[in-house]
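Chemist:
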């Protein structure tokens with residue numbers, strides 16, 4: 022879903038399906054589109070040694086320069102796909118970022134369940150600390166909520182709890198499944214802003230429609 026002016030930003034965290042199964046054809050990716058000439062883009066928070074889809078190895082922060090309407094795409098195959106979740110994209114001028122999965126899955130045991138789910142996401146200036154998710158009709162593994170911290174020591178609270186379920190660091194993520202919903206909804210509060218994605222589906226199907234990033238939606 023196009024975000025219009027809201028899609029412009031200078032700091033993003035990539036989200037995607039978990040892709041914990043080592044199967045050829047599972048791909049997590051993000052793309053960056055420049056809106057001005059001579060835009061500097063820095064990509065980080067991908068583990069050093071991660072093999073990218075083109076066979077190159079990620080060895081630290083990657084810096085690229087784009088002119089207006091030029092784009093750059095980075096993808097990771099197979100079980101390494103989860104290494105892309107939380108990747109940090111920073112730029113010195115406004116860019117547009119799309120993030121998600123081709124042939125992805127949230128089920129480590131299902132070698133046949135694959136789907137496409139990606140969207141244009143919003144930057145860190147537009148994310149929040151409180152979210153409500155509505156459960157779809159998918160399976161235990163399909164109905165996933167993915168939260169990515171953008172700052173250190175981010176406390177995660179679920180469904181009114183006064184004790185944090187977990188404390189995660191910048192670039193780390195936590196997931197919840199359909200068992201964590203109460204009366205078909207899930208209320209999340211965090212001590213600091215997080216990027217939030219949701220995967221939903223229908224009975225007996227993998228991700229037929231994938232996620233919501235609250236202000237930014239996978240579809």
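Residue numbers (the numbering used here): 22 to 240. We treat Cβ as the ideally placed atom computed from N, Cα and C, and that holds for glycine.
1. Helix, strand or coil for residue 205 per DSSP?
2. Less than 7 Å between C-beta atoms, sequence neighbours within five positions excluded: which residues of the same chain meet that for residue 139?
3. Starting from the Cα of residue 80, find the closest Cα among 195, 70, 116, 87 and give me that residue.
4. Is residue 86 buried or exposed, if buried means 16 or more other CB atoms sit within 10 Å of its CB?
5. On the three-state DSSP scale, how would you describe residue 32?
6. Quick check: does the Cβ of residue 78 come within less than 7 Å of any heavy atom belonging to the ligand COA?
7. Which class does residue 177 belong to by DSSP, given the choice of helix, strand or coil?
8. For the region 143-160 against the region 183-191, do three or more pairs of beta-carbon atoms, one drawn from each stretch, fall closer than 8 Å, so that the two count as touching?
9. Do you know whose CA, among 170, 65, 159, lies nearest residue 110's CA?
10. Identify every residue that forms a DSSP beta bridge with residue 137.
11. List the DSSP bridge partners of residue 168.
12. Write down the C-beta distance between residue 34 and residue 169 rounded to the nearest angstrom, noting that I regard them as a contact closer than 8 Å.
13. I'd like the span of the beta strand (DSSP E) that includes residue 247, first residue to last.
14. Once DSSP output is grouped into helix, strand and coil, what is the label at residue 24?
15. Which runs of the beta strand (DSSP E) fall wholly inside the region 33-71 and span at least 3 residues, in chain order?
16. Could you give the DSSP three-state label for residue 147: helix, strand or coil?
17. Hey, residue 197 and residue 207: beta-carbon distance below 8 Å or not?
18. What three-state label does DSSP hand residue 182 in the structure shown?
19. Taking buried to mean at least 16 other C-beta atoms within 10 Å of its own C-beta, is residue 54 buried or exposed?
20. Since residue 96 sits in a beta bridge, which residues does DSSP pair it with?
21. Grab the span of the beta strand (DSSP E) containing residue 73 for me, first residue to last.
Modeler: So, from the listed chains and residues:
1. As a working note, residue 205 is residue 184 in the chain shown. In this structure, residue 205 counts as coil in the three-state DSSP scheme.
2. Translated into positions along the chain shown, residue 139 becomes position 118. Excluding residues within five positions, the ones whose Cβ falls inside 7 Å are 119, 120, 121, 122, 239.
3. Position 59 of the chain shown, counted from the first residue, corresponds to residue 80. The shortest Cα separation from residue 80 among 195, 70, 116, 87 belongs to 70.
4. Here residue 86 refers to the residue found at position 65 when the chain shown is read from its first residue. Flag for residue 86 reads exposed.
5. What you label residue 32 is simply residue 11 of the chain shown in a count that begins at 1. Secondary structure of residue 32 (DSSP, three-state): strand.
6. No copy of the ligand COA appears in this structure; indeed no ligand is present at all.
7. On the chain shown, residue 177 is found 156 positions in, with the first residue counted as 1. DSSP places residue 177 in strand when its eight states are reduced to three.
8. no
9. Indexing the chain shown from 1 puts residue 110 at position 89. Minimum Cα distance to residue 110 is reached at 65.
10. As a first step, residue 137 must be located in the chain shown, where it is residue number 116. None, per the DSSP bridge assignment.
11. Within the chain shown, the letter at position 147 stands for residue 168. Looking at the DSSP assignment, residue 168 forms a beta bridge with 195, 217.
12. Within the chain shown, residue 34 is the residue found at index 13, counting from 1. Within the chain shown, residue 169 is the residue found at index 148, counting from 1. Contact between residue 34 and residue 169 holds: CB atoms are separated by about 5 Å, below the 8 Å threshold.
13. Because the chain in this structure spans residues 22 to 240, residue 247 falls outside the shown range and cannot be described.
14. The sequence position of residue 24 within the chain shown is 3, counting from 1. In the structure shown, residue 24 sits in coil (DSSP, three-state: anything other than H, G, I, E or B).
15. With a minimum length of 3 residues, the continuous beta strand (DSSP E) runs that stay inside the region 33-71 are 48-55, 60-65.
16. For the purposes of this step, residue 147 is identified with residue 126 of the chain shown, where counting begins at 1. In the structure shown, the three-state DSSP call for residue 147 is helix.
17. As a position in the chain shown, residue 197 is number 176, starting the count at 1. As a position in the chain shown, residue 207 is number 186, starting the count at 1. With contacts defined by Cβ atoms closer than 8 Å, residue 197 and residue 207 form a contacting pair.
18. Position 161 of the chain shown holds residue 182. Residue 182: coil per DSSP, three-state reduction.
19. Sequence index remark: in the chain shown, residue 54 carries index 33 (1-based). With 16 or more Cβ atoms within 10 Å of its Cβ, residue 54 is classed as buried.
20. Here residue 96 refers to the residue found at position 75 of the chain shown. DSSP lists 50 as partners of residue 96.
21. Here residue 73 is taken as the residue at index 52 of the chain shown, counted from 1. Residue 73 -> no beta strand (DSSP E), and no H or E assigned at all.
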